[in-house]
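Enquirer:
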Amino acid sequence: MQNGYACFLCKFGLKPLNTSVIVTKSNIDRPKTLHEITVEIENSISIKTSSEHHTTKHDTLTPIKCAEDFIKCSSQNSLVNLSLDEKKKIIVATITSLHDHMVVPLPPEMVINLFNMLACSPPELFSMIPPQCMNSVVLILSINQCALGEIPPKNIVSFSNGLLSLSPGVLNNIPKASFISILGMASSTEIFNNLTHLSAMNLITVLSMSKSTVSYLPLPTLISLLNFIECKSFKELLNKLPPSTTYGFLEGLLVTLDGSSPFLINTIPTSVLVSIISPIMNARWLGVMSINNFDLLISVMGSSHKLLKALPPTNFDSIFSILISSPKILSSLKPNNVHKLLITLATCPSILHNIPLNSMHQLLNAINDYLPSSLVCISESEFSLLVKERN
Numbered sequence: 021m022q023n024g025y026a027c028f029l030c031k032f033g034l035k036p037l038n039t040s041v042i043v044t045k046s047n048i049d050r051p052k053t054l055h056e057i058t059v060e061i062e063n064s065i066s067i068k069t070s071s072e073h074h075t076t077k078h079d080t081l082t083p084i085k086c087a088e089d090f091i092k093c094s095s096q097n098s099l100v101n102l103s104l105d106e107k108k109k110i111i112v113a114t115i116t117s118l119h120d121h122m123v124v125p126l127p128p129e130m131v132i133n134l135f136n137m138l139a140c141s142p143p144e145l146f147s148m149i150p151p152q153c154m155n156s157v158v159l160i161l162s163i164n165q166c167a168l169g170e171i172p173p174k175n176i177v178s179f180s181n182g183l184l185s186l187s188p189g190v191l192n193n194i195p196k197a198s199f200i201s202i203l204g205m206a207s208s209t210e211i212f213n214n215l216t217h218l219s220a221m222n223l224i225t226v227l228s229m230s231k232s233t234v235s236y237l238p239l240p241t242l243i244s245l246l247n248f249i250e251c252k253s254f255k256e257l258l259n260k261l262p263p264s265t266t267y268g269f270l271e272g273l274l275v276t277l278d279g280s281s282p283f284l285i286n287t288i289p290t291s292v293l294v295s296i297i298s299p300i301m302n303a304r305w306l307g308v309m310s311i312n313n314f315d316l317l318i319s320v321m322g323s324s325h326k327l328l329k330a331l332p333p334t335n336f337d338s339i340f341s342i343l344i345s346s347p348k349i350l351s352s353l354k355p356n357n358v359h360k361l362l363i364t365l366a367t368c369p370s371i372l373h374n375i376p377l378n379s380m381h382q383l384l385n386a387i388n389d390y391l392p393s394s395l396v397c398i399s400e401s402e403f404s405l406l407v408k409e410r411n
């Protein structure tokens, strides 16, 4: 019995093509109604399912074919031909019937067909499904992700575009572990490159709303995402995203880079990092950046010679200017991070060559006045490298 309906087909209001009453010697007093539905697909196979239930009100109902069985037994072609409303009803019924078995591995064919039913549908289907039900769908797919290993990239793209068409607020309410697991299926730049503009904007926005999400992305997915952002030009994205979204996403990325320093910084292509970090290293963005983000940026810069060498000289001009002219910012930074940046600069002559000696003297004087503890562990030889005349 499901919501007062004995028959799955009756529940969804599907009209059987052939209905008859079967009476046998053993059940003369208990007639059964046989429902048959035949789905014929052009240039495909004919799928025929049937279910029966007793019409007697007081008897125990015979087990019937449930929504999840329909998904399990149907082919992708047959699922494509269902209307959006039928798909919604089937998905909702499936999730309802699986309510007490969410964390139990499901038959692979059922998981694949559920995924493909969504992948072969327009984004409107995702918005038709109640948010809590969609959360459960993502949970089920993430738990049974092993069954989705053979899903072709084009289906992953379609599913991703549908899921990411939901508003950032709805996406942010999906349990993080499940959401990250599904995002992990997008493990190539090709998949990200085929996202719609709306999907890309929503993805960056939802990542900006929860900084930890970036940290837990699988490495192939993170690198593919950053490659995608490089291809799209982060500078162009800055003009389309609200500043709060940009800073939120940047914080998530900097936290991730700093937390794995220097491994991740040296694993992600340097050109990719520069394409994302360099556009915000100017007076306009640095001047209103939060202290936390500024501190993370200083730490990340001090973690990699490769990154510093690849940054244009104008980036150093901007960050030095902010530190020299803003004692409040400088005094709020962690001494260890400033110390790390100075050591990295001192041990890389090619970088120092592009920094005006006057700017370096002004920075060191400001540090000595407002953050002297960051100079304590710098050796005389390192200090002399910072202040010596440039050739």
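Numbered according to the numbering used here, the sequence shown spans residues 21 to 411. Heads up, the beta-carbon is just placed ideally off N, CA and C, and yes, glycines get one too.
#1: For a quick check, are the C-beta atoms of Ile342 and Ala386 less than 8 Å apart?
#2: Going by DSSP in three states, Ala220 sits in which element: helix, strand or coil?
#3: Check Lys354 in the structure and name its three-state DSSP category.
#4: Using beta-carbon positions only, say whether Leu245 and Asn222 come within less than 8 Å of one another.
#5: List the endpoints of the continuous alpha helix (DSSP H) containing Glu256.
#6: Around the C-beta of Thr80, are 16 or more other C-beta atoms found within 10 angstroms, so that it is buried, or is it exposed?
#7: Let's test the definition: count the other Cβ atoms within 10 Å of the Cβ of Ile149 and tell me whether it reaches 16, buried, or not, exposed.
#8: If the criterion is Cβ atoms closer than 8 Å, does the pair Lys174 and Leu145 meet it?
#9: What are the boundary residues of the alpha helix (DSSP H) that includes Pro369?
#10: Determine, using beta-carbon pairs with one atom in the stretch 192 to 204 and one in the stretch 237 to 254, whether at least three such pairs fall under 8 Å.
#11: Tell whether a beta-carbon distance below 8 Å holds between Ile115 and Val157.
#12: Is it true that the stretch 259 to 268 meets the stretch 285 to 296, where meeting means three or more beta-carbon pairs spaced less than 8 Å apart?
#13: Can Ser103 be considered in contact with the ligand NAD, in the sense that its beta carbon sits closer than 7 Å to one or more heavy atoms?
#14: Counting along the chain, where does the alpha helix (DSSP H) carrying Cys166 start and finish?
#15: Identify which residue in Cys251, Met130, Val358, His381 has its Cα closest to the Cα of Leu161.
#16: Indicate whether the contact test is met: 3 or more Cβ pairs, each with one atom in the stretch 249 to 256 and one in the stretch 276 to 285, closer than 8 Å.
#17: Nearest-angstrom Cα distance between His217 and Leu361?
#18: Starting from Pro333, trace the alpha helix (DSSP H) both ways and give me its first and last residue.
#19: Give every residue of the same chain whose Cβ lies closer than 8 Å to the Cβ of Pro188, excluding the five residues on either side of it in the sequence, and list them in chain order.
#20: So, helix, strand or coil for Leu414, using DSSP?
#21: So, Leu365 versus Leu406, is the Cβ gap smaller than 8 Å?
#22: The alpha helix (DSSP H) with Gly322 in it runs from where to where?
#23: What do you reckon, are the CB atoms on Leu274 and Leu317 nearer than 8 Å?
#24: Under 8 Å by Cβ, that's how I've got Pro355 and Ser394 pegged, so tell me the actual separation to the nearest angstrom.
#25: Helix, strand or coil, according to DSSP, for Ala330 in the structure here?
Expert: Taking the geometry as given:
#1: no
#2: helix
#3: coil
#4: no
#5: 254 to 260
#6: With a pLDDT of only 32 at Thr80, under the threshold of 50, the placement of this residue in the model should not be trusted, and no figure is reported.
#7: buried
#8: no
#9: 369 to 372
#10: yes
#11: yes
#12: Judged by Cβ distances under 8 Å, the stretch 259 to 268 makes no contact with the stretch 285 to 296, as fewer than three pairs qualify.
#13: Absent from the structure shown: the ligand NAD. Ligands present: none.
#14: Careful: Cys166 lies outside any alpha helix (DSSP H) and carries neither H nor E.
#15: Met130
#16: no
#17: Distance between the alpha carbons of His217 and Leu361: 37 Å.
#18: 333 to 345
#19: Result list for Pro188: Asn222, Thr225, Val226, Met229, in chain order.
#20: Any property of residue 414 remains undetermined from this structure, which presents the chain solely from 21 to 411.
#21: yes
#22: Careful: Gly322 lies outside any alpha helix (DSSP H) and carries neither H nor E.
#23: yes
#24: 4 Å
#25: In the structure shown, Ala330 falls within a helical segment according to DSSP collapsed to helix, strand and coil.
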